[in-house]
Amino acid sequence: MRAFEFHPAHQISDAIRSLDEANGNARICAGGTDLLSRLKDDVDNPERLVCIRTLPDLRYIRNDKDGVRIGALTTLSTIEEDAYVQKQLPLLHQALQVTAAPQIRNQATMGGSICQRPRCWYLRGPFDCLRKGGKECFAVYGENKYHAILGGHLCYIVHPSDSATALVALNASVKIHGSKGEKTVPIEKFFVGPEVNILKENILEDDEIITEVFIPHPAPGCRGAFNKSRERQSYDFALASAAVQCRMSRGVCEDVRVVLGGVAPIPWRSREAEAVVRGKKLSAATIREASEAALRNAKPLTQNDYKVDLTKLLLTKSFQQVSI
Amino acid sequence: MAKKLKRKTQKVHIAFTLNGEPCEVAFAPHKTLLEVLREDLNLTGTKHGCELGECGTCAVLVDRKPVLSCLVLGLTVEGREVTTVEGMQLADGSLHPLQTAFADLGAAQCGYCTPGFLLTAKELLEKNSKPTRDDIKEALSGNLCRCTGYIKIYEAVELAAARMRGEAAEVPEEVVLGLK
Ligand SMILES: Cc1cc2nc3c(=O)[nH]c(=O)nc-3n(C[C@H](O)[C@H](O)[C@H](O)COP(=O)(O)OP(=O)(O)OC[C@H]3O[C@@H](n4cnc5c(N)ncnc54)[C@H](O)[C@@H]3O)c2cc1C
Ligand code: FES
Ligand code: FES
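Protein chains in written order, with our numbering: chain A, 1336 to 1659; chain B, 3 to 182.
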């Protein structure tokens, strides 16, 4: 790892000032599990790390009348063990249980897990690819077994975060602090595909930090399911995943959000699948139709057409689980 | 407000609790906890493996939770409590029941992965005195072993857990010597 200037921040305003004055040359370090591996691989080379572990008051899970608020520094294992999350947000709980290995979940934070960079081996290796400001995406003609089948545009990374997939399904929002003040953004608007920005996966500016994730209380009758497929069973990133959050009333799906992970540069909301099931009973035929609809526009690369059937299967499974 | 930044390699100095005792150490600010333990504190029980969070051989306890020391900056343990395999023995100096069980059952072959397994299992047994085989598998899922095939490791954790619950757990001869 190369040397850097280390700035522990003791207040949010310190952190923002420290980021701002570095002019794009600083990175936030929370749990460090993603950042340090990028620094070791020498694919990112900031002059300054702004350590936010030292910020007080960003480790909490608070329940209020509108929903649950999770401080950005709360570790994934703390969220996974939380009784409210286990009971009311099974979709998030299931996603966290299959995120990385327990030691990493002890270290990784809420904020870091949604801001982690993609695992594309060209991005993480010595390749001057589009996402690093170069001229070409090597995945198009190269080794693209793990790359995107939906939403690719010049660049074909997949978003690596399981919690992000779950949070989009749960209609969460993120609170962001920066030099210009504070704002809250629906998490769906937080992530951006390569057609909007080829260099990064979200709207965060260089001087901005996430301080909180908010998840509204699910309406009565809501059910959620998350299914993920991984190449290795002990722990691994998603080959594909499917999250379904659905409000059921007398067997009919009144409202629904369907989000696919591991298949697109952002957590991929499938409005096509949602349109099929909304207002209907979740019969086998409807579920089949919805799963087909979700993947209808898939454009596999040379080595990843397996993801199409795999994702349909995972989505079918998630629908089946919320229907019983 | 752009500012010219300086990359510092000048040593930094921190104080923390290491294996139950106060410890002070100086090191370059970009070193990982793994490097600080091995290179600056000469505690080489913590092993250096993949360096990317994938093998678990560098696991140590920070504030009693297992984390991967290759992905922790040394600077961030200031004021915290770190336990390495060197600090696993009991207060009277005898081996921790997990260490004894690993030795009794041959749960270590080359031994490279062993410190990471021991510390991760230690925390498991502190929060769950009677883990199922699935609990053990899940807790140890981030630790790779290239020699044992894992079965002996799971058995050793079960044996240690039984002994720590005060049950008279003997090692069956065939586990050690194979079937006659
Ligand atoms: C072996 C291994 C397996 C893994 N498997 C999975 C998996 O199966 N599923 C999965 O989802 N993830 C997986 N991960 C990734 C892991 O979830 C992330 O590394 C972790 O969540 C990042 O959190 P952190 O706090 O350590 O972030 P850091 O490494 O500290 O930061 C990550 C990024 O986010 C930025 N950042 C951090 N906090 C904030 C904030 N509050 N505001 C703004 N920016 C911020 C940092 O600048 C950095 O760019 C795996 C990681 C490893 C090493
Ligand atoms: S060396 Fe840390 S996980 Fe492999
Ligand atoms: S005993 Fe050799 S790697 Fe586990």
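Cβ atoms here follow ideal geometry from the backbone N, Cα and C, with glycine treated the same way.
Quiz item: How close, in whole Å, do the beta carbons of alanine 1504 of chain A and threonine 1444 of chain A come, if the pair is a contact with beta carbons under 8 angstroms?
Solution: Incorrect: roughly 20 angstroms between the Cβ atoms, too far for contact.
Quiz item: Which class does histidine 1494 of chain A belong to by DSSP, given the choice of helix, strand or coil?
Solution: coil
Quiz item: Could you check where the alpha helix (DSSP H) with histidine 1428 of chain A kicks off and where it finishes?
Solution: 1425 to 1432
Exercise. Would you mind sorting aspartate 1369 of chain A into buried or exposed? The rule is 16 or more other CB atoms within 10 Å of its CB.
Key: buried
Exercise. Check whether the stretch 1339 to 1350 of chain A touches the stretch 46 to 55 of chain B, taking contact to mean three or more Cβ pairs, one atom from each stretch, closer than 8 angstroms.
Key: no
Quiz item: Leaving out five residues before and five after alanine 1499 of chain A in sequence, what residues of the same chain have Cβ atoms less than 6 angstroms from its Cβ?
Solution: Ile1449, Pro1602
Practice problem: List the residues that DSSP assigns as beta-bridge partners of glutamate 1607 of chain A. | Solution: Answer by DSSP bridge pairing: none, since glutamate 1607 of chain A is not bridged.
Quiz item: At a Cβ cut of 7 angstroms, what residues of the stretch 62 to 94 of chain B count as close to chain A, listed as they run along the chain?
Solution: Lys67, Pro68, Val69, Leu70, Leu73, Val74, Leu75, Leu77, Thr78
Quiz item: Rounded to whole angstroms, how far is the Cβ of threonine 1410 of chain A from the Cβ of aspartate 1497 of chain A, which I believe are closer than 8 angstroms?
Solution: The pair is not a contact, with the Cβ atoms about 15 angstroms apart (cut-off 8 angstroms).
Practice problem: Output the distance between the C-alpha atoms of glutamine 1429 of chain A and aspartate 1392 of chain A, rounded to the nearest integer angstrom. | Solution: 26 angstroms
Quiz item: Any Cβ of chain B within less than 9 angstroms of the Cβ of tyrosine 1662 of chain A?
Solution: Because chain A spans 1336 through 1659 in this model, residue 1662 of chain A falls outside it and cannot be assessed.
Quiz prompt | Beta carbon proximity, glycine 144 of chain B to chain A, threshold 9 angstroms | solution = yes
Quiz item: Where does cysteine 1472 of chain A sit, in a helix, a strand or coil, going by DSSP?
Solution: Of the three classes helix, strand and coil, the one that applies to cysteine 1472 of chain A here is coil, per DSSP.
Quiz prompt | Chain-order list of residues whose beta-carbon lies under 8 angstroms from that of tyrosine 1395 of chain A (same chain, five-residue window excluded) | solution = Arg1404, Ile1405, Gly1406, Thr1409
Quiz item: Mind pulling the chain B residues with CB within less than 7 angstroms of glutamate 1624 of chain A?
Solution: Under the 7 angstroms cutoff, chain B gives no residues; its nearest Cβ is about 36 angstroms from glutamate 1624 of chain A.
Quiz item: Is the beta carbon of valine 1598 of chain A sitting closer than 9 angstroms to the one on threonine 1646 of chain A?
Solution: yes
Quiz item: For aspartate 1542 of chain A, which residues from the same chain have a beta carbon less than 6 angstroms from its beta carbon, with the 5 sequence-adjacent residues on both sides left out?
Solution: Ile1351, Leu1354, Asp1355, Gly1513, Ser1514
Self-check item: Range of the contiguous alpha helix (DSSP H) that encloses lysine 1642 of chain A
Solution: 1641 to 1658
Quiz item: Got a sec: which bits of the stretch 147 to 169 of chain B sit with their beta carbon under 7 angstroms from any beta carbon on chain A, in order along the chain?
Solution: none
Quiz item: Should proline 31 of chain B be flagged as near chain A, meaning a C-beta pair shorter than 9 angstroms?
Solution: yes
Quiz prompt | Coarse secondary structure for alanine 110 of chain B, derived from DSSP in three states | solution = coil
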